[in-house]
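Reminder that position 192 of the sequence shown reads as 191 in numbering that gives the first Met the number 0, one-by-one numbering, no gaps. Note that CB positions come from ideal geometry on N, CA and C, so glycine has one too. Okay, structure first, notes after.
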Amino acid sequence: MSPTRPRPQRTSERQPTAVAADLPYGPDRPAVQDNRLVPDNRAVRDKHALRASARNARRGRDLAELAAAAAALADRVEALSAVRAAATVATYLSIGAEPPTTALIERWRRRRLPVLLPVVLADLDLDWALDDGTRQPSALRRIDEPAGRRLGPDAIARADALVVPALAVDVAGRRLGQGGGSFDRALARARPDALVIALVHDDEVSALPLPVEPHDRPVDVVVTPNRVLTVRRP
Numbered sequence: 000m001s002p003t004r005p006r007p008q009r010t011s012e013r014q015p016t017a018v019a020a021d022l023p024y025g026p027d028r029p030a031v032q033d034n035r036l037v038p039d040n041r042a043v044r045d046k047h048a049l050r051a052s053a054r055n056a057r058r059g060r061d062l063a064e065l066a067a068a069a070a071a072l073a074d075r076v077e078a079l080s081a082v083r084a085a086a087t088v089a090t091y092l093s094i095g096a097e098p099p100t101t102a103l104i105e106r107w108r109r110r111r112l113p114v115l116l117p118v119v120l121a122d123l124d125l126d127w128a129l130d131d132g133t134r135q136p137s138a139l140r141r142i143d144e145p146a147g148r149r150l151g152p153d154a155i156a157r158a159d160a161l162v163v164p165a166l167a168v169d170v171a172g173r174r175l176g177q178g179g180g181s182f183d184r185a186l187a188r189a190r191p192d193a194l195v196i197a198l199v200h201d202d203e204v205s206a207l208p209l210p211v212e213p214h215d216r217p218v219d220v221v222v223t224p225n226r227v228l229t230v231r232r233p
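Encoded structure:
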């Protein structure tokens with residue numbers, strides 16, 4: 000009698016495919032949903048590759064470069080007339096090798112300008128809180144977030160100018176975000192007349208068009224430590 004052979008596993012069964020928004024933040028978290036869910040979406044595939052390249056380049060930036068960039072970025076953003084005239088602004092709390100917002104937030108606090116800061120929700124949408132200088136650990140990410148009272152996702156419509164993060168921006172204002180869709184959803188709630196400013200490093204401005212999807216909103220101004228590129232309004 001021949002020995003019982005183990006029954007081979009069926010390989011034709013489709014395994015559940017993870018979506019980025021369903022996974023915790025960490026080094027293994029994909030930038031976008033698994034491409035197997037969107038096999039014909041070239042823009043998503045291209046974005047995935049561009050994000051990987053941009054993140055790899057950022058890992059090579061040194062602390063001295065980032066410290067110098069903080070003051071330069073603050074100078075250039077504050078020089079924009081729409082920012083100087085704004086009654087309320089919104090920005091992000093920079094982490095890692097992102098273009099720093101630390102100096103900019105401090106300057107706004109000194110001139111008592113109301114600043115909206117994001118709080119990441121469980122579905123990666125953004126709530127907002129007014130900056131009062133206090134921070135608390137995020138329940139979802141290993142970062143700090145504003146500790147003030149939450150105002151709701153629609154509070155972004157209060158902002159006259161928004162400073163948003165990006166991994167890259169092209170010369171037409173197409174923005175490559177981190178892939179979670181947080182700021183895409185926030186920008187959909189912003190006022191149409193609000194000035195949208197993307198902060199990137201000098202070498203993250205692309206002369207070639209970046210891939211876009213229907214939900215992507217272009218930015219109005221691109222600010223780097225050494226230049227200001229106005230793409231959509233004077």
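{"Query": "What are the start and end residues of the alpha helix (DSSP H) that includes Ile-104?", "Result": "101-109"}
{"Query": "Pull the bridge partners of Ile-196 from the DSSP assignment, please.", "Result": "Val-162, Val-220"}
{"Query": "So what's Ala-30 in DSSP terms, helix, strand or just coil?", "Result": "Model confidence at Ala-30 stands at a pLDDT of 33, short of 50, so the residue's coordinates are unreliable; what they give is reported in the following sentence. Looking at Ala-30 - three-state DSSP - the assignment turns out to be coil, as it is neither helix nor strand."}
{"Query": "Mind the definition here: the region 137-147 touches the region 61-68 only if three or more C-beta pairs lie below 8 Å; say whether that holds.", "Result": "no"}
{"Query": "Does the distance from the C-beta atom of Ala-189 to that of Ala-156 stay below 9 Å?", "Result": "yes"}
{"Query": "Identify which residue in Thr-229, Pro-224, Pro-152, Gly-147 has its Cα closest to the Cα of Asp-74.", "Result": "Pro-224"}
{"Query": "Cutting at 8 Å between CB atoms, please list the residues of its own chain near Ala-171, excluding the five before and the five after it.", "Result": "Pro-208, Pro-217, Val-230"}
{"Query": "Asn-55 to Leu-49, Cα distance in whole Å?", "Result": "10 Å"}
{"Query": "What distance in whole Å lies between the Cβ atoms of Val-227 and Val-265, which are believed to be in contact at a cut-off of 8 Å?", "Result": "Since the displayed the chain opens at 0 and closes at 233, residue 265 lies outside it and no answer follows."}
{"Query": "Since Trp-107 and Pro-117 are thought to touch, with beta carbons under 8 Å apart, how far apart are those beta carbons, to the nearest angstrom?", "Result": "With a Cβ gap of about 15 Å, Trp-107 and Pro-117 do not count as contacting."}
{"Query": "Once the 5 residues before and after Gln-135 are set aside, which same chain residues still bring their CB inside 7 Å of it?", "Result": "Asp-143, Glu-144, Ala-146"}
{"Query": "Between the C-alpha atoms of Asp-215 and Gly-151, what's the straight-line distance to the nearest angstrom?", "Result": "22 Å"}
{"Query": "Alpha carbons only, please: which of Leu-103, Val-168, Phe-182 is nearest the one belonging to Thr-68?", "Result": "In the sequence under discussion, the amino acid at residue 68 is Ala, which differs from the Thr named in the question. Ranking Leu-103, Val-168, Phe-182 by Cα distance to Ala-68 puts Leu-103 first."}
{"Query": "Leaving out five residues on either side along the sequence, give the residues of the same chain with a beta carbon under 6 Å from the beta carbon of Asp-183.", "Result": "His-214"}
{"Query": "Sorted by chain position, which residues of the same chain lie with C-beta nearer than 7 Å to Ala-154's C-beta, five sequence neighbours on each side aside?", "Result": "Leu-115, Trp-127"}
{"Query": "Excluding the five sequence neighbours on either side, which residues of its own chain have a C-beta within less than 8 Å of the C-beta of Val-82, listed in chain order?", "Result": "Val-76, Val-88, Ala-160, Leu-194, Ile-196"}
{"Query": "Which partner residues does Arg-174 have in the DSSP bridge list?", "Result": "Val-168"}
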